[in-house]
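What follows is one structure encoded as structure tokens, with my remarks underneath.
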Amino acid sequence: MSETARLLIPAVVADPNGRFESARPAIAEALALGVGGFALYGGEQDAVRALTRELQQKSRVPLLVGADMERGAGQQFGGATGLPPLAAIAALDDMEALRRAARLTAREARTMGVNWTFGPVCDLDLEPDNPVLGTRVLGSDPERVGRLAVAWIEACQAEGVVACAKHFPGHGRTTVDPHRALPVVSTDRDTLHATDLAPFRAVIQAGVASMMAAHVSYPSLDPSGLPATLSRELLTWLLRQQMRYDGLLVADGLQMGAVMQVAGSEGDAAVRAISAGCDVLLAPRDLAGTAAALERALADRVLDPVRVQQSVRRRLKWAQWAAPPNDWRRPIAADAAWGAQLADRVVHVARGAEPRIGGAMELVVVDDDALVATDGVPASASRLPSREPLAEALRRAGVEVRAADADAGAGAGTTARVVALFGEVRPWKGRAGYAPESLAAVRAACDEARAAGRQVIVLQFDHPRLVGTIPGDAPVVCGWSGDRAMQQAVARWLLARRG
Numbered sequence: 001m002s003e004t005a006r007l008l009i010p011a012v013v014a015d016p017n018g019r020f021e022s023a024r025p026a027i028a029e030a031l032a033l034g035v036g037g038f039a040l041y042g043g044e045q046d047a048v049r050a051l052t053r054e055l056q057q058k059s060r061v062p063l064l065v066g067a068d069m070e071r072g073a074g075q076q077f078g079g080a081t082g083l084p085p086l087a088a089i090a091a092l093d094d095m096e097a098l099r100r101a102a103r104l105t106a107r108e109a110r111t112m113g114v115n116w117t118f119g120p121v122c123d124l125d126l127e128p129d130n131p132v133l134g135t136r137v138l139g140s141d142p143e144r145v146g147r148l149a150v151a152w153i154e155a156c157q158a159e160g161v162v163a164c165a166k167h168f169p170g171h172g173r174t175t176v177d178p179h180r181a182l183p184v185v186s187t188d189r190d191t192l193h194a195t196d197l198a199p200f201r202a203v204i205q206a207g208v209a210s211m212m213a214a215h216v217s218y219p220s221l222d223p224s225g226l227p228a229t230l231s232r233e234l235l236t237w238l239l240r241q242q243m244r245y246d247g248l249l250v251a252d253g254l255q256m257g258a259v260m261q262v263a264g265s266e267g268d269a270a271v272r273a274i275s276a277g278c279d280v281l282l283a284p285r286d287l288a289g290t291a292a293a294l295e296r297a298l299a300d301r302v303l304d305p306v307r308v309q310q311s312v313r314r315r316l317k318w319a320q321w322a323a324p325p326n327d328w329r330r331p332i333a334a335d336a337a338w339g340a341q342l343a344d345r346v347v348h349v350a351r352g353a354e355p356r357i358g359g360a361m362e363l364v365v366v367d368d369d370a371l372v373a374t375d376g377v378p379a380s381a382s383r384l385p386s387r388e389p390l391a392e393a394l395r396r397a398g399v400e401v402r403a404a405d406a407d408a409g410a411g412a413g414t415t416a417r418v419v420a421l422f423g424e425v426r427p428w429k430g431r432a433g434y435a436p437e438s439l440a441a442v443r444a445a446c447d448e449a450r451a452a453g454r455q456v457i458v459l460q461f462d463h464p465r466l467v468g469t470i471p472g473d474a475p476v477v478c479g480w481s482g483d484r485a486m487q488q489a490v491a492r493w494l495l496a497r498r499g
């Protein structure tokens, strides 16, 4: 085991059954190398709890165990509470709801042994065609985003869970997916300092424990054109020295195309990221090769031993700071009920008059996300949320939900057709908005029903600003995201409006 291995945070992806049996060999390798933590993707609550307990017991150092939980612990873990996206909560203009969402997320995470959440997103909503942000952001006003992010971070860290502000110095102006290629932000230096950097200054002053660097180039801030993750100018000079940030700095996923385009290999990217100022490195695919590259660089003095020791100490500090998993402040049934109520609050009519439905409906699912090729996409990013919770929730309430190709019988004229349009910004998807094929499918489904004299309702599981791209004039109900929690909230919304 070497100290440089402690700077690696490999990904662990759950099996489709919510357990981790297929990941066992990789986990054993990581523990033998002496990694400093793990990033978990998926899993049932009980399996996650058992895994994190085992990891901490077998590790020679306290571990940071992180996960993407921007939409509550239920975003990743089965049985936990899913919450609306940050953009939806911010739209309520209810600061206490935001704080409570952060507290609930942290409490559920900690009882599973997850002590690090990769959130909140502090990027500004400045580019509608941004392929990686969408509903993940808190808004476009720098001061307001900073204020909301601080509230979220303070509530999260008060529960003993490390928060992570991302993606420094700001991902809001990008139109290229860094999973695929290197985005370049050409905005001038003064504008970036006045706007994009403002939320990060706010969270630094509030004591955010960790921050994630962006795989994005900012030539006005670093003329070399290097992505921030590999830029000493941005991470050491700007962030550490000028902005006086001394928390944990994590590099976004090493396997992403933006970094591979510049560095050429994970080992090279790892060495350059640590040299630039990162402390820990997220989700290397070639764990042993990356660890060996760091060791060689340290032995050859390519990496400064003092610089490496700084990162080792920062990682240890926050792993020790994070509250140990226990039942202190364990979430109760009322917390989950509140989460469902919060989801209900954000569902709204985005176009047309408020619809009412009868006792039966015909459901047409248009899944824009399913159009994305999965070749070369990590398992942690390629698995889509189930599209079944919407229909399941309606059927449990006694609604007859028919498939689109089913025989509707004599009551066809009174059976509403509900078109569920799924499509969000997703890692590796490479675009925002809906593909022409998806919009054509929506149009065809609506036109067919209208021709038969039937009511049509479109359910949109994405940002409400995309409603203008949806063809036709059918009422559109916005559910913000396609997670289980939001599908169930939309089902409740429909049930409350049965005629």
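In this text, residue positions in the sequence shown follow full-length UniProt numbering: the first is 1, and each later residue adds one. Note that CB positions come from ideal geometry on N, CA and C, so glycine has one too. Treat the numbers as computed from the prediction; the structure is a model and nothing was measured.
Range of the contiguous alpha helix (DSSP H) that encloses Ile27: Segment 24 to 33, the alpha helix (DSSP H) holding Ile27.
Pro227, DSSP secondary structure in three states: Pro227 falls in the strand class under three-state DSSP.
Is Pro128 near the ligand MN, in the sense that its beta carbon is under 7 Å from a heavy atom of that ligand? What this structure holds is no ligand at all, so the ligand MN is not there to describe.
Under 8 Å: do the stretch 239 to 259 and the stretch 275 to 282 share three or more Cβ pairs, one atom per stretch? Segments in contact, yes.
Using CA coordinates, which residue listed in Val458, Ala151, Ala322, Ile357 is at the minimum distance from Asp367? Put simply, of Val458, Ala151, Ala322, Ile357 the residue whose alpha carbon is nearest the alpha carbon of Asp367 is Val458.
Is the beta carbon of Gly66 less than 8 Å from the beta carbon of Asp483? Here Gly66 is not near Asp483, since their CB atoms are 8 Å or more apart.
Integer Cβ distance of Ala474 from Cys446, believed to fall under 8 Å: Contact annotation, Ala474 with Cys446: C-beta distance approximately 5 Å; criterion of less than 8 Å satisfied.
Please state whether the Cβ-Cβ distance between residue 506 and Ala350 is less than 8 Å. In the structure as shown, the chain starts at 1 and stops at 499, and residue 506 therefore has no counterpart that could be examined.
Could you give the first and the last residue of the continuous alpha helix (DSSP H) run that contains Arg443? Counting along the chain, the unbroken alpha helix (DSSP H) around Arg443 starts and ends at 436 to 451.
Please look up how many angstroms separate the CB atoms of Val372 and Trp428, rounded, as I've assumed it's under 8 Å. Going by Cβ atoms, the distance from Val372 to Trp428 rounds to 7 Å, so yes, they are a contact pair.
One question on the structure: do His348 and Thr135 come within less than 8 Å of each other, judged by their Cβ atoms? No, the Cβ-Cβ distance between His348 and Thr135 is not below 8 Å.
Inter-residue spacing [alpha-carbon to alpha-carbon] between Val203 and Glu96: Taking the straight line from one Cα to the other gives about 18 Å.
Identify the continuous alpha helix (DSSP H) that holds Ser311 and give its terminal residues. Per DSSP, Ser311 belongs to the alpha helix (DSSP H) from 305 to 321.
Which two residues bound the contiguous beta strand (DSSP E) that contains His167? DSSP places His167 in the uninterrupted beta strand (DSSP E) bounded by 164 to 168.
Are the stretch 148 to 162 and the stretch 225 to 243 touching, with three or more C-beta to C-beta distances below 8 Å? Touching, no, given that fewer than three Cβ pairs across the two stretches are closer than 8 Å.
Write down the C-beta distance between Tyr218 and Val185 rounded to the nearest angstrom, noting that I regard them as a contact closer than 8 Å. Contact flag correct, Cβ pair sits at about 5 Å.
Compute the distance between the beta-carbons of Val208 and Gly172, then report whether it is under 8 Å. Result no, Cβ atoms of Val208 and Gly172 do not sit closer than 8 Å.
Would you check if the distance between the CB atom of Leu8 and the CB atom of Thr290 is smaller than 8 Å? Taking the C-beta atoms as reference points, Thr290 is found nearer than 8 Å to Leu8.
Spatial neighbours of Met256 within its chain, please: CB distance less than 7 Å, with the 5 preceding and 5 following residues excluded, ordered by chain position. Contacts found: Pro178, His179, His215.
With DSSP run on the structure shown, which of helix, strand or coil describes Met212? Three-state DSSP puts Met212 in a strand.
Am I right that Glu424 and Ala360 are in contact with their C-beta atoms under 8 Å? What's the rounded C-beta distance? Taking C-beta atoms under 8 Å as the contact rule, Glu424 and Ala360 fail to qualify, at a distance of about 29 Å.
Assigned secondary structure, Glu127 (DSSP; H/G/I helix, E/B strand, else coil): Coil, per DSSP.
Identified DSSP bridge partners for His348: Paired residue(s): Cys478.
Outcome for Asp222 when other beta-carbon atoms lying within 10 angstroms are tallied against a minimum of 16: With 16 or more Cβ atoms within 10 Å of its Cβ, Asp222 is classed as buried.
Tyr41 and Val12 - do their beta-carbons sit closer together than 8 Å? Going by beta carbons, Val12 and Tyr41 fall inside the 8 Å limit.
Per-residue burial, Val306 [other beta carbons within 10 Å of its own, 16 or more giving buried]: Sixteen is the threshold: since fewer than 16 other Cβ atoms of the shown chains lie within 10 Å of the Cβ of Val306, the residue is exposed.
Please classify Asp462: does DSSP put it in a helix, a strand, or coil? Residue state, collapsed to three classes: coil.
Opposing strand residues paired with Arg417 [DSSP bridges]: For Arg417, the beta-bridge partners assigned by DSSP are Glu362, Val456.
Pro120, buried or exposed, once every other Cβ within 10 Å from all chains shown has been counted against 16: When all chains shown are included, Pro120 counts as buried.
Using C-beta distances below 6 Å, list every residue in its chain close to Glu233, excluding the 5 sequence neighbours before and after it, in chain order. Only Asp222 meet the Cβ criterion.
Member of Thr469, Gly499, Gln460, Pro471 whose CA lies at the smallest distance from the CA of Trp480: Residue Gln460 is the option with its Cα nearest to Trp480.
Since I believe Ala30 is in contact with Leu287 (beta carbons under 8 Å), could you give me their beta-carbon distance rounded to a whole number of angstroms? The beta-carbon distance between Leu287 and Ala30, rounded to whole angstroms, is 6 Å. This is short enough to meet the 8 Å contact definition.
Evaluate Lys58 with the Cβ neighbour count: other Cβ atoms within 10 Å of its Cβ, from every protein chain shown; 16 or more gives buried, anything less gives exposed. With fewer than 16 Cβ atoms within 10 Å of its Cβ, Lys58 is classed as exposed.
Report the residue from Ala485, Arg443, Val302, Asp196 whose alpha carbon sits nearest the alpha carbon of Ala391. Here the closest residue by C-alpha is Ala485.
In DSSP terms, what Phe422 is bridged to: As DSSP reads the structure, Phe422 sits in a beta bridge with Asp367, Phe461.
Would residue 504 pass as a contact of Ala270 if the rule is Cβ separation under 8 Å? With the chain running from 1 to 499 in the structure shown, residue 504 is simply not present.
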